[in-house]
Amino acid sequence: MSKWRNFAVAMIFLLPAILSVVVLRLWPALLALHQSLLAPRATVYSLDNYTYIFTDPVFLNSVWITLLYSVIVNPLQIAISLGLALLMNNKLPLTGFWRSIVLLPVAIPQSVSAVVWAVAFRPDGLLNSLLAVFGIGPQRYITSPDQALGSIILVVSWIGVGYWMTMLIAGLQDIPKSLYEAITIDGANAWQRFRYVTLPQLRRPLTFVLVADTVANFLVFAPVNILTNGGPQGSTDLVMNEIYTSAFINGDPGSASAGTIVLVALVLVIVLVQFRLMGDRGEH
Amino acid sequence: MERITPRSVLHMAVIIAVALVFVLPLYWLTISSLRPEDDIFRYLNPFGPWTFIPNRVTFDNIIGLWTGAFARAIFNSLFVAIVTVIVGLAVCAPAAFALAAIEFPGRSLIFTAMIVSFLIPFDAIAVPLFYIMRGFSLQNTYAGLILPGVGNGLTVFLLRQFFMGIPKELREAAMIDGMGWFQIFWRIYLPLSVPALISAGLIMFIFQWQAYLWPLLIAPSNDMKVAPVALAQFSTEYHVSFGIIFAGAMFLSLIPMAILVGFQQYFTGSVAATGSKE
């Protein structure tokens, strides 16, 4: 009898949050779907916007750039984060302090990091003078079509790896010490301990980091918008930048919405795969 | 502490070298903000002692930050982030309470639906949300800047987890004493959850402090610009000096860095604090 009374009370507590979910997530997602299905000046739904973007060389280029970027940046960041986690997982003096330093760039707004790196990338900036110490001539970084994507990868990795490192350190600390003791008694060397204990035991946090990092990298916007605007010659035109450009530079909400739907669908698929992988692991 | 061996010395050296790589841009930004404009690029090439030690120190850039066009943007950022924390907790904490403490039909369904909806990353739907908010004339308003920050799935999830750890017996006893759900929430759950409320508040603060895409869309006017957007735009304008850019970047970094450092201390402190009753 008090069940429905509880329901009414719960609804009062939940109402603002439910409203915010509907207004801030579901409505925009549905609006994007609606706009993506309405071709310019059309009154009936069609897939014209999707046909258009998937034949538009500019959008196709941004898909290609995003894939190229993802294939490089995700394995790179995970390898670096894992290396950092192994390096920082110890009882040496000030360990917490060193970890915090690697984590600092995550806390800073991405736009700030992008602005600072933009100055470092200048011809007379910090990076070229650093290279000069090693006798390497000045590079063009974000103004060169060959180096711009690499420069973006450098910046987002400097920003992000500390975060993934922190999660992997937590994973490393969950590994039972007895596993290492057992394999050491069996005469295993450092590489074998890593290969047969650390890696398999780290599967769950590594999967999580892989998926979360992939999603985060699909959504990179501020560094591209500030450092390169997608250029030079479209070489850094990641998909978020392309959606922004269609919507606000080209004034084409149909194409922007179709791009948004493709992105949201892609992200949701990746997240669901993550839940699937984590779920499988949980059952064992 | 471990014994000092050649191995641990080498390990330490690698750690310090790595930390230097991460801290170098931040250090450079800090010293550049304290240098006269002429000195910022002067000592970069070739490297020398003055590359990393400012030989002339000035506070002009920091003063300029607070007297120029940037001051307004900093105020906007602070105001938006603080109001987001207050309103966000008022939205998320009651929801988390209902999902953790009240037993009602459809509870797990609503919880799942809410978490799944929040899995759609905010930035991905920023463009369609902009069209909606433009329809309500929320362009260049504080409401437009603040609203997206108040509904936060992570906050709801975090608070729910914490509330679920509060023993059921407490609320049953309170009910026998004649308390209603609102009193239980306000007088029992909230006072017991201060550490979780602070972490939730910090998550929302940092979300807003870092926001770039959304403020760029919804609040482009000079009066309503937030600091990260203003910084990015000033950095491409020739009338704004590098000193001011660096001072702005330093200020924007300082607050989250302080939170990050203070955060860890807070948690160790909170363990001790729960033992003493006020």
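For the record, the sequence lines run as chains A and B.
Take the first sequence: its letter number 268 is residue 302 in this note's numbering, and every next letter is one higher.
Take the second sequence: its letter number 98 is residue 317 in this note's numbering, and every next letter is one higher.
All C-beta atoms, glycine included, are put in the ideal place defined by N, C-alpha and C.
Quick caveat, the model's predicted, so the values are computed rather than measured.
C-alpha distance - A/Asn-284 paired with A/Gln-111, whole-angstrom precision: Indexing the first sequence from 1 puts residue 284 of chain A at position 250. Indexing the first sequence from 1 puts residue 111 of chain A at position 77. Between A/Asn-284 and A/Gln-111, the C-alpha separation is close to 33 Å.
Alpha-carbon to alpha-carbon, B/Ala-362 and B/Val-369: As a first step, residue 369 of chain B is located in the second sequence; it is residue number 150 there, counting from the start. As a first step, residue 362 of chain B is located in the second sequence; it is residue number 143 there, counting from the start. Each residue's alpha carbon lies about 11 Å from the other.
B/Phe-381 beta carbon less than 9 Å from that of B/Pro-414: On the second sequence, position 195 is the one that residue 414 of chain B refers to. On the second sequence, position 162 is the one that residue 381 of chain B refers to. Closer than 9 Å, so yes.
Range of the contiguous alpha helix (DSSP H) that encloses A/Asp-247: Working through the first sequence from its first residue, we reach residue 247 of chain A at position 213. Looking at the DSSP string, the run of the alpha helix (DSSP H) that includes A/Asp-247 is 237-252.
Any C-beta of chain A under 9 Å from that of B/Met-443: For the purposes of this step, residue 443 of chain B is identified with residue 224 of the second sequence, where counting begins at 1. It does not: the Cβ of B/Met-443 has no partner Cβ on chain A nearer than 9 Å.
C-alpha gap between B/Ala-317 and B/Leu-284, whole angstroms: In the second sequence, the residue the question calls residue 317 of chain B occupies position 98. In the second sequence, the residue the question calls residue 284 of chain B occupies position 65. Here the C-alpha atom of B/Ala-317 lies approximately 45 Å from the C-alpha atom of B/Leu-284.
Cα-Cα separation, A/Val-146 to B/Leu-450: Residue mapping note: residue 146 of chain A aligns to position 112 of the first sequence, counting from 1. Residue mapping note: residue 450 of chain B aligns to position 231 of the second sequence, counting from 1. When the Cα atoms are used, A/Val-146 and B/Leu-450 turn out to be separated by approximately 7 Å.
Cβ-based contacts, 8 Å cut-off: residues of the region 374-397 of chain B near chain A: Residues of the region 374-397 of chain B that bring their beta carbon within less than 8 Å of a beta carbon in chain A comprise Val-375, in sequence order.
B/His-458 (DSSP reduced to helix, strand or coil): By 1-based counting over the second sequence, the position of residue 458 of chain B is 239. Correct three-state label for B/His-458: coil.
Under 9 Å by beta carbon: chain B residues contacting A/Val-43: Reading the first sequence from its first residue, position 9 is the one you call residue 43 of chain A. Chain B residues near A/Val-43: Ala-317, Ile-321, Phe-323, Gly-399, Trp-400, Phe-401.
DSSP-derived helix/strand/coil call for A/Ile-135: Along the first sequence, one-based indexing puts residue 135 of chain A at 101. Taken through DSSP and simplified to helix, strand or coil, A/Ile-135 comes out as helix.
Within-9 Å CB hit, A/Trp-225 to chain B: For the purposes of this step, residue 225 of chain A is taken as residue 191 along the first sequence, with counting starting at 1. So, not an interface residue.
Contacting residues, own chain, Cβ-Cβ under 8 Å from B/Phe-330 (five flanking each side not counted): If you number the second sequence from 1, residue 330 of chain B lands on position 111. Excluding residues within five positions, the ones whose Cβ falls inside 8 Å are Leu-318, Arg-379.
Length of the line joining the Cα atoms of A/Leu-300 and A/Thr-248: Against the first sequence, residue 300 of chain A aligns to sequence position 266. Against the first sequence, residue 248 of chain A aligns to sequence position 214. Near 11 Å, if we compare the C-alpha coordinates of A/Thr-248 and A/Leu-300.
Same chain only: Cβ atoms within 8 Å of B/Ile-464, ignoring 5 sequence neighbours per side: Along the second sequence, read from residue 1 onward, the residue named residue 464 of chain B stands at position 245. Beyond the five residues adjoining it in sequence on each side, B/Ile-464 comes within less than 8 Å, by CB distance, of Leu-450, Phe-453, Ser-454 in the same chain, given in chain order.
6 Å CB neighbourhood of B/Val-302 in its chain, flanking five on each side removed: Numbered from 1 along the second sequence, position 83 holds the residue referred to as residue 302 of chain B. Here the set comprises Ile-365.
CA-to-CA distance, A/Leu-58 to A/Arg-39, given in whole angstroms: Sequence index remark: in the first sequence, residue 39 of chain A carries index 5 (1-based). Sequence index remark: in the first sequence, residue 58 of chain A carries index 24 (1-based). Approximately 29 Å, taken between the alpha carbons.
Closest Cα partner of B/Ile-478 within the set B/Ile-417, B/Glu-322, B/Arg-226: One-based indexing of the second sequence puts residue 478 of chain B at position 259. Nearest C-alpha to B/Ile-478: B/Ile-417.
Where A/Ala-73 falls: helix, strand or coil (DSSP): Translated into the one-based positions of the first sequence, residue 73 of chain A becomes position 39. DSSP places A/Ala-73 in coil when its eight states are reduced to three.
Alpha helix (DSSP H) runs wholly inside the region 364-399 of chain B, at least 4 long, in chain order: Scanning the region 364-399 of chain B for uninterrupted alpha helix (DSSP H) segments of 4 residues or longer gives 372-383, 387-395, listed from N- to C-terminal end.
Inter-stretch contact at 8 Å, needing at least 3 Cβ pairs: the region 96-107 of chain A / the region 172-182 of chain A: No, the region 96-107 of chain A does not touch the region 172-182 of chain A.
Below-9 Å beta-carbon distance, A/Ala-292 vs any chain B residue: Looking up residue 292 of chain A in the first sequence gives position 258. Among the residues facing chain B, A/Ala-292 is not included, as its CB has no counterpart in that chain under 9 Å away.
A/Ile-142 versus A/Thr-177 - alpha carbon distance: As a first step, residue 142 of chain A is located in the first sequence; it is residue number 108 there, counting from the start. As a first step, residue 177 of chain A is located in the first sequence; it is residue number 143 there, counting from the start. Approximately 25 Å, taken between the alpha carbons.
Supposed contact pair A/Ala-119 and A/Ile-203 - C-beta distance, whole angstroms, cut 8 Å: Translated into positions along the first sequence, residue 203 of chain A becomes position 169. Translated into positions along the first sequence, residue 119 of chain A becomes position 85. Confirmed, Cβ separation roughly 5 Å.
Below-9 Å beta-carbon distance, A/Asn-40 vs any chain B residue: To locate residue 40 of chain A, count along the first sequence from 1; it is residue 6. By this cut-off, A/Asn-40 is an interface position.
Neighbourhood of B/Ser-296 by C-beta, 7 Å cutoff - its chain only, sequence neighbours within 5 removed: In the second sequence, counting from the first residue as 1, residue 296 of chain B sits at position 77. Excluding sequence neighbours, B/Ser-296 sits near Trp-428, Val-445, Ala-446.
Cβ shell of A/Ile-304 (< 7 Å), same chain only, five flanking positions each side left out: One-based indexing of the first sequence puts residue 304 of chain A at position 270. Once the five neighbours on either side are set aside, the close Cβ partners of A/Ile-304 are Val-245, Thr-248, Val-249.
Contact the region 289-300 of chain A vs the region 341-350 of chain B: 3+ CB pairs below 8 Å: Contact between the region 289-300 of chain A and the region 341-350 of chain B is present, because at least three Cβ pairs lie under 8 Å.
Between the CA atoms of B/Arg-275 and A/Ala-66 - distance to the nearest angstrom: Position 32 of the first sequence, counted from the first residue, corresponds to residue 66 of chain A. Position 56 of the second sequence, counted from the first residue, corresponds to residue 275 of chain B. Rounded to the nearest angstrom, the two C-alpha atoms are 54 Å apart.
Spatial distance of B/Arg-226 from A/Trp-61 (CA atoms): Along the second sequence, read from residue 1 onward, the residue named residue 226 of chain B stands at position 7. Along the first sequence, read from residue 1 onward, the residue named residue 61 of chain A stands at position 27. When the Cα atoms are used, B/Arg-226 and A/Trp-61 turn out to be separated by approximately 58 Å.
Min CB distance B/Ala-419 to chain A below 9 Å: As a working mapping, residue 419 of chain B is identified with position 200 in the second sequence. Under the Cβ criterion of 9 Å, B/Ala-419 is not counted among the residues facing chain A.
A/Val-149 and A/Ile-260 closer than 9 Å at C-beta: Counted from its first residue, the first sequence places residue 149 of chain A at position 115. Counted from its first residue, the first sequence places residue 260 of chain A at position 226. Contact: yes.
Close beta carbons around B/Phe-200, own chain, < 8 Å, minus the five adjacent residues each side: Outside the displayed range of chain B (220 to 497) lies residue 200 of chain B, so it cannot be described from this structure.
Contact list for the region 230-259 of chain B against chain A, Cβ threshold 7 Å: Within the region 230-259 of chain B, the residues whose Cβ lies closer than 7 Å to some Cβ of chain A are His-230, Met-231, Val-233, Ile-234, Val-237, Ala-238, Phe-241, Val-242, Pro-244, Leu-245, Trp-247, Leu-248, listed in chain order.
Backbone CA spacing between A/Tyr-197 and A/Leu-137 [nearest angstrom]: Taking the first sequence and counting its residues from 1, one reaches residue 197 of chain A at position 163. Taking the first sequence and counting its residues from 1, one reaches residue 137 of chain A at position 103. Rounded to the nearest angstrom, the two C-alpha atoms are 6 Å apart.
B/Gln-429: first and last residue of the uninterrupted alpha helix (DSSP H) it sits in: Counting from one through the second sequence, the residue named residue 429 of chain B turns up at place 210. 413-429 is the span of the alpha helix (DSSP H), which, as asked, contains B/Gln-429.
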